[in-house]
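What follows is a set of notes on a single structure, which appears directly below.
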Amino acid sequence: MIQRAATVKIKQLAKKFPAIGLLGPRQSGKTTLAKELFPKKPYISFENQDNVLLATKDPRAFLSRYKTGAIFDEIQRVPQLLSYMQGVIDDQPKKVGLFIITGSQNLLLLKSVSQTLAGRIAFIHLLPFSFEELETSKYAKQSLNKLLLNGGYPRLYDRKINPTDYYPNYLLTYVERDVRQIKNIANLGLFQRFLKICATRVGQEVNYTSISNDTGVDQKTIISWFGILEASFIAFRLHPFYNNLGKRLTQMPKLYFYDTGLCCSLLELESESHVNTHPLRGSLFENLIILELLKKRFNNGQRTNLFFWRDRTGNEIDVLIEQSSQVIPIEIKTATTFNSDYIKGINYWKKIKSTTKNAYVIYTGKSSAIDNIDILNWKEINNIKF
């Protein structure tokens with residue numbers, strides 16, 4: 029079994045909070061990790077309709093069986109149970125690590141928790157495998173194109189499933205089950221078309237009007253559907269950085285997926301050679317690097333501090349990492365040969381943000397340094413400290 033990087037943080041939080049929430053995409057390994065770390069706790073899956081009925085019919089009686097704690101899997105199916113969990117927790121104020129709850133729907137769960145378990149629960153967002161995690165396995169040496177195609181979903185590696193078999197079925201299950209649970213969409217075919225159109229926009233600024241025209245539904249619906257993608261950990265929007273830089277800046281977010289394998293499937297890429305020659309390979313690589321930075325934060329129990337920056341005169345930075353003492357600029361390139369043009373945006377950024385100490389270019393070539401900018405091969409991304 030591949031060791032999960034979030035393990036240490038989850039154990040720490042379980043010694044301080046009465047409840048731990050593991051949130052992430054379906055099949056990202058939440059259940060497996062919860063069972064591994066807390067093997068003595070009873071496990072209850074709310075994918076089982078009988079458990080849903082029992083918990084819904086008489087929540088107090090249901091919870092009375094688990095006063096010493098339990099693992100509740102896919103709890104978004106019985107959100108009303110959370111308010112009753114509060115009573116169990118408050119009856120044992122000195123207890124920590126009582127309940128481990130998992131959910132594959134982010135916004136719905138957080139809304140419920142904000143009203144009930146605030147201050148009593150700590151969250152970890154568990155995404156599919158990261159570089160750091162795969163480096164400890166036999167998959168550490170897979171090529172960039174293969175990694176983009178495979179993505180990071182644990183079951184694909186554990187069961188040795190071809191991505192061309194895994195992702196279409198994953199997407200079918202997602203659309204048929206999870207989307208219906210979040211929102212009643214009459215025409216799921218249009219939503220599937222929307223998903224494919226989003227994949228062709230990976231790494232680009234979100235143009236709601238264009239996506240609306242290509243999908244054939246109104247813009248208000250498109251914005252609502254983006255909420256579904258984010259609530260179910262399929263895709264996310266990377267927001268632009270402002271912070272009073274004195275320039276007219278772009279205001280639209282960029283679109284990325286929580287897994288490149290999923291995006292490749294939506295683009296109908298079926299082999300490494302397809303990935304290698306596809307015009308969006310650079311965007312997929314950018315998505316991969318941003319995901320790795322995001323996973324590093326999430327595995328440490330931290331919120332995202334990632335942004336991008338672009339002004340109206342063409343100056344841009346692919347990723348900005350906001351820290352209290354500085355904002356770190358990162359440029360992402362798929363080339364194997366370094367070009368001085370790669371650091372133009374960073375040098376411009378340094379002029380307007382004089383507090384910048386660290387800066388990076390991540391590409392597919394050899395590591396080096398120039399003008400106090402670290403040039404890193406993509407496999408050395410964990411050398412970035414933030």
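Throughout the sequence shown, residue numbering follows my numbering, covering 29 to 414 in sequence. In this text, a Cβ means the ideal position worked out from N, Cα and C, and glycines have one as well.
Contact belief for residue i with residue j at Cβ below 8 Å, rounded distance in angstroms
i: leucine 266; j: phenylalanine 335; result: 7 Å
i: phenylalanine 66; j: phenylalanine 100; result: Phenylalanine 66 to phenylalanine 100, Cβ: 12 Å. No contact.
i: leucine 177; j: leucine 297; result: 6 Å
i: threonine 332; j: leucine 348; result: Wrong, their Cβ atoms sit about 12 Å apart, outside the cutoff.
i: isoleucine 251; j: tyrosine 236; result: 6 Å
i: isoleucine 149; j: alanine 47; result: 4 Å
i: glycine 57; j: leucine 145; result: The pair is not a contact, with the Cβ atoms about 23 Å apart (cut-off 8 Å).
i: isoleucine 30; j: phenylalanine 157; result: 6 Å
i: valine 234; j: lysine 282; result: 7 Å
i: arginine 88; j: tyrosine 112; result: 6 Å
i: lysine 63; j: glycine 97; result: Contact doesn't hold; Cβ gap of about 14 Å is too wide.
Cβ shell of residue i (< 7 Å), same chain only, five flanking positions each side left out
i: tyrosine 195; result: Gly289, Leu290 and Ser293
i: valine 106; result: Phe74, Val80, Ala83 and Thr84
i: tyrosine 167; result: Tyr185
i: alanine 227; result: Cys291, Leu294 and Leu295
i: asparagine 411; result: Leu404
i: lysine 361; result: Tyr370, Val389 and Tyr391
i: lysine 95; result: Val116
i: glycine 244; result: Leu218
i: threonine 415; result: Residue 415 falls outside the range modelled here, since the chain spans only 29 to 414, and no answer is possible.
i: lysine 394; result: Asn405
i: lysine 123; result: Pro46
i: glutamine 220; result: Val203
Candidates the options, of which the one nearest residue i by Cα
i: alanine 259; options: Phe326, Asn134 and Thr164; result: Asn134
i: leucine 61; options: Asn327, Asn333 and Thr332; result: Asn327
i: serine 353; options: Lys381, Asp242, Ser396 and Gly373; result: Lys381
i: threonine 364; options: Gly97, Thr192, Ser165 and Leu172; result: Leu172
i: asparagine 400; options: Tyr236, Trp406, Pro357 and Lys407; result: Pro357
i: threonine 59; options: Gln351, Leu312 and Ile129; result: Ile129
i: aspartate 206; options: Asn375, Glu102 and Gln40; result: Glu102
i: proline 121; options: Lys44, Phe414, Asn367 and Glu163; result: Lys44
i: glutamate 160; options: Gln108, Val234, Arg32 and Gln247; result: Arg32
i: glutamine 104; options: Leu223, Ala89, Pro70 and Gly52; result: Gly52
i: asparagine 375; options: Asn343, Ser396, Lys394 and Phe366; result: Asn343
i: alanine 387; options: Pro268, Lys394, Glu350 and Gly393; result: Glu350
i: leucine 223; options: Glu408, Asp193 and Ala263; result: Ala263
i: arginine 208; options: Val36, Trp253 and Leu308; result: Trp253
i: lysine 174; options: Ser299, Met280 and Gln114; result: Ser299
Unbroken alpha helix (DSSP H) run spanning residue i, endpoints
i: serine 238; result: 236-243
i: glutamate 350; result: First-last for glutamate 350: 344-350, but that is the beta strand (DSSP E), not the alpha helix (DSSP H).
i: alanine 89; result: 87-92
i: lysine 323; result: 309-327
i: alanine 47; result: No alpha helix (DSSP H) contains alanine 47, which is instead part of the beta strand (DSSP E) from 47-51.
i: serine 220; result: It should be noted that the sequence gives glutamine, not serine, for residue 220. Where glutamine 220 is concerned, the enclosing alpha helix (DSSP H) stretches over 216-227.
i: aspartate 118; result: 109-118
i: serine 252; result: 247-259
i: tyrosine 376; result: 372-380
i: valine 207; result: That residue, valine 207, is in no alpha helix (DSSP H); it is neither H nor E in DSSP.
i: phenylalanine 159; result: 159-162
i: serine 293; result: 288-294
i: lysine 419; result: The structure shown does not extend to residue 419, since the chain is modelled only from 29 through 414, so no value can be given for it.
i: aspartate 193; result: 191-201
Residues bridged to residue i [DSSP beta-bridge criterion]
i: aspartate 402; result: Tyr388 and Ala397
i: tyrosine 181; result: Partner(s): none; tyrosine 181 has no beta bridge.
i: proline 268; result: Phe336
i: glutamate 64; result: Glutamate 64 is not bridged to any residue.
i: lysine 282; result: Glu233 and Leu266
i: isoleucine 99; result: Tyr71 and Ile128
Residue span of the beta strand (DSSP E) that contains residue i, given as start and end
i: isoleucine 358; result: 355-360
i: histidine 302; result: Where histidine 302 is concerned, there is no enclosing beta strand (DSSP E), although the alpha helix (DSSP H) it sits in stretches over 300-305.
i: alanine 150; result: 149-153
Nonlocal neighbours in the same chain, by C-beta distance under 8 Å from residue i, ignoring five residues either side
i: isoleucine 210; result: Gln133, Leu136, Ile256, Ala259 and Ser260
i: asparagine 315; result: Val230, Gly231, Tyr284, Phe285, Thr288 and Cys291
i: isoleucine 189; result: Arg183
i: leucine 312; result: Leu176, Val230, Gly231, Thr288, Cys291, Cys292, Val303 and His306
i: arginine 246; result: The residue you asked about is not arginine; residue 246 is aspartate in the sequence shown. Excluding positions up to five away in sequence, the list reads Ser240.
i: valine 141; result: Gly49, Leu110 and Ile149
i: glycine 125; result: Ala42, Lys43, Phe45, Pro46, Ile48, Phe66 and Gly97
i: glutamine 114; result: Thr144, Leu145 and Arg148
Chain C contact for residue i (CB, 8 Å cutoff)
i: isoleucine 412; result: Protein chains in the displayed structure number just one, and chain C is not present.
Neighbourhood of residue i by C-beta distance below 6 Å, restricted to the same chain and skipping five residues each side
i: lysine 378; result: Thr384
i: isoleucine 152; result: Ala34, Ile38, Leu50 and Gly329
i: isoleucine 345; result: Trp337, Pro357, Gly373 and Trp377
i: tyrosine 181; result: Gln55 and Pro156
i: phenylalanine 90; result: Leu82 and Ala83
i: leucine 216; result: Val203
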